Amino acid sequence: MQTKKTLVRFAIIIVILMVAGYAIWFAMRPAPIEVELATIGRSTVEATVVNTRAGTVTACRRAKLAPAAGGQIVKLQVKEGDRVKKGQVLLELWNTDLTAQRDLARRQLITAEERRREACILAAHAGREAERARQLAERGFVSAQNRENADADARARQASCDATIADVKRARAQVEVTEAGLERTVLTAPFDGIVALVTGELGEYTTPSPPGIPTPPAIDLIDDSCLYVTAPMDEVDAPKLKIGQLARITIDALPGQIFPGKVRRVAPYVTEVEKQARTVDIEVDFEEIPERPLLVGYSADVEVVIERHENVLRVPTQAIRQGGKVLLVNEENRLVERRLETGLANWAFTEVTGGLEEGDRVLLSSEAKEIKAGIQVREKVAEQ
């Protein structure tokens, strides 16, 4: 009986010690590490390429204009920021001498036309007289000599008429020559646009650029109704780029806004800015011109969509560790290492073709050294 009581007491002591030990372990066990988790779901994954250096917002038409001839500016009809219409006069050089030559040529043309009119009237009259002389000669009323004289006079008058017609053509050509000379001193807008820059003032001299020696334009005209983006892409990505591919445009001056676009041109050659930086330039059209006016010259970035898969499992790219593995959180909130099979990928998301299921939770990147498979974790609550 005594032995039985001793065994009971011993069992009770063991239970008490076990409970106490568990309590001590539970109280002293390491707390689960707080980590950021991502839930695996279905959405779109794209393969994209981006520019290596900043691109530029460019106008479809931009003309750096200068008069075809040099001279002194006597009329400056626009200032920077003015909107102009096609054909509108922008500036005019001194051309008084050319204007006088044009007026003289026009008067000479009028004189030549009057002489032509006179000569041709006389030629027509002489022709009729020669016809009457022929008829009279056939009836014997006039001599053959008179008939020949009338024919010769008609031919001479007609030759004079033809000569004056040639004179009119020469005078008209002279007018065109003087007008062409005047056009070289007047600068007009080749298209609707906005004046970006005016170089020169009234009274100053301007000259066209000699071959191979660029000089500042007299007027820089921009058509800002049509804009696109030029951007340099790494030569490695060149084989993936095609006309018509969708793109997204972001502009540094308009943060948070993304403008849809489409590739309109891929350069057929590689640009060598530096020996270690070879690029291929592309041009991307805005699908819609933004309501907010864009300034030509804005820096811009372009992300071209090479391939797109919709409604696929995806995981944040930052969750993938070395060797294509992720740390999965199991039912006990412990981390389990899992190897992935992947498809398309970009800097944000990677397509999952095997290794995870929808609803799984995976660990995002963490800098904590104690993070490894087997430890217990809890999800970090997002700050409100």
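Number 188 in the UniProt record's numbering belongs to position 188 of the sequence shown; there are no gaps in the numbering. We put the beta carbon where it would ideally sit given N, CA and C, even for glycine. Fair warning: this is a prediction, and the values are worked out from it, not measured in the lab.
Within its own chain, the residues whose Cβ lies closer than 8 angstroms to the Cβ of Val-84, once the five positions on either side in sequence are excluded, are Val-78, Leu-90, Ala-189, Asp-192, Gly-193, Ile-194, Val-195, Leu-221, listed in chain order.
Nearest to Leu-104 by C-alpha distance, out of Tyr-228, Glu-176, Glu-201, Ile-375, is Glu-176. Looking at the DSSP output, Gln-376 shares a beta bridge with Arg-334. In this structure Gly-244 is exposed. Its beta-carbon is surrounded by fewer than 16 other beta-carbon atoms within 10 angstroms. The Cβ-Cβ distance between Lys-64 and Pro-208 does not fall below 7 angstroms.
For Phe-141, the number of other beta carbons within 10 angstroms of its own is below 16, and it is reported as exposed. With respect to the 7 angstroms criterion, Ala-277 and Val-263 are not classified as neighbours on the basis of their beta carbons. The residue among Thr-185, Thr-215, Ala-173 with its C-alpha nearest the C-alpha of Thr-199 is Thr-215. Taking every protein chain shown into account, the CB of Asp-223 has 16 or more other CB atoms within 10 angstroms, so this residue is buried. Ranking Ile-33, Glu-351, Arg-106 by CA distance to the CA of Gly-343 puts Glu-351 first. Counting along the chain, Asn-311 sits inside the beta strand (DSSP E) bounded by residues 299–316. Residue burial is scored here from C-beta neighbours: Gly-324 has fewer than 16 other C-beta atoms within 10 angstroms and is therefore classed as exposed. Glu-46 is bridged by DSSP to Arg-308. Relative to Gly-355, the option among Gly-41, Arg-339, Ala-123, Arg-134 whose CA is nearest is Arg-339. Contact annotation: Thr-185 and Leu-93 have beta-carbon atoms nearer than 7 angstroms. When the five nearest sequence neighbours on each side are left out, the beta carbons in the same chain lying within less than 7 angstroms of the beta carbon of Glu-272 are those of Arg-278, in order along the chain.
By alpha-carbon distance to Thr-353, the top candidate from Ala-11, Arg-42, Leu-37, Asp-162 is Arg-42. Scanning Ala-154, Glu-287, Glu-201 for the CA closest to the CA of Ile-121 turns up Ala-154. Only residues of its own chain outside the window of five on either side were considered, and among them Val-195, Ala-196, Leu-197, Val-198 have a CB closer than 8 angstroms to the CB of Glu-80, listed in chain order. In the three-state reduction of the DSSP assignment, Asp-234 falls in the strand class. For Gly-181, the enclosing alpha helix (DSSP H) covers residues 144–183. Glu-303 counts as buried, since at least 16 other C-beta atoms from the protein chains shown sit within 10 angstroms of its C-beta. Residues of the same chain with a CB within less than 6 angstroms of the CB of Ala-253, apart from the 5 flanking positions on each side, are Tyr-298 in chain order. By the criterion of at least three beta-carbon pairs nearer than 8 angstroms, the segment 118–134 is in contact with the segment 154–169.
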